[in-house]
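For the sequence shown, my numbering gives the first residue as -13, with consecutive numbering after it.
Here is the structure we will look at, set down as structure tokens.
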Amino acid sequence: MKQEMRRKDRALTCEEAEAILKKGKYGILSTVCADGYPYGLPISYGYKDGKLYFHHTCEGGQLSENIGDGVKACFTVVGDTELLPAQFSTRYESAVAFGTVRKTEDKIGALMRIVEDLSPNYMEQGRKYAEASLNRVTVYEFTIEQLTGKARRS
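See below:
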């Protein structure tokens, strides 16, 4: 799907890349605007079984315009990082997912996935909050078609 990774010595396994998605709390969703410009949006998310879930206002905006009824997109999560000033470098780990993002009909299920990942100790309150917000949010499902990971850990 995408160009082969240049630094194969830093490539992570799919399991390691998935672990970064599981522990991450936010990432950058990248889409393309109608005029061809890229659009990257920092956004919190939930993850389960090869799918990412996130929500946005239902009042329109650039994200809603870019996604429409479904588009190809990219989602990037940066995990642990540490600057190495004396080496002019960084220890890092990251995961990049390519796939298709579209509105989901299972709004409550997707919102509860997000609650489970971001507020696991507040499931009951999260359900009430999610149910009260159903008419104010658009909920999206990102189906991962390719996942890569990369790290410098030494």
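Backbone N, C-alpha and C define an ideal beta-carbon position, used for all residues, glycine too.
No experiment lies behind these values; they were computed from the predicted model shown.
In the DSSP assignment, T86 is bridged to K58 and T129. Each residue's CA atom was taken as its position, placing E127 and P71 some 39 Å apart. Looking from the CA of A81, the closest CA among Y25, K136 and E102 belongs to K136. P28 sits away from S16, with the two beta carbons spaced by 8 Å or more. The count of Cβ pairs closer than 8 Å, one atom from the segment 97 to 110 and one from the segment 50 to 68, stays below three, leaving the stretches out of contact. H41 has its alpha-carbon roughly 11 Å from the corresponding atom of R88. In the same chain as L69, and ignoring 5 residues on each side of it, the C-beta atoms closer than 6 Å to its own belong to T76, in chain order.
In this chain, K(-6) is not harboured by any beta strand (DSSP E), its DSSP state being neither H nor E.
Residue state for D103 is assigned as helix, using DSSP reduced to three classes.
Judged by DSSP in its simplified three-state form, K136 adopts strand.
Each residue's CA atom was taken as its position, placing C19 and G54 some 11 Å apart.
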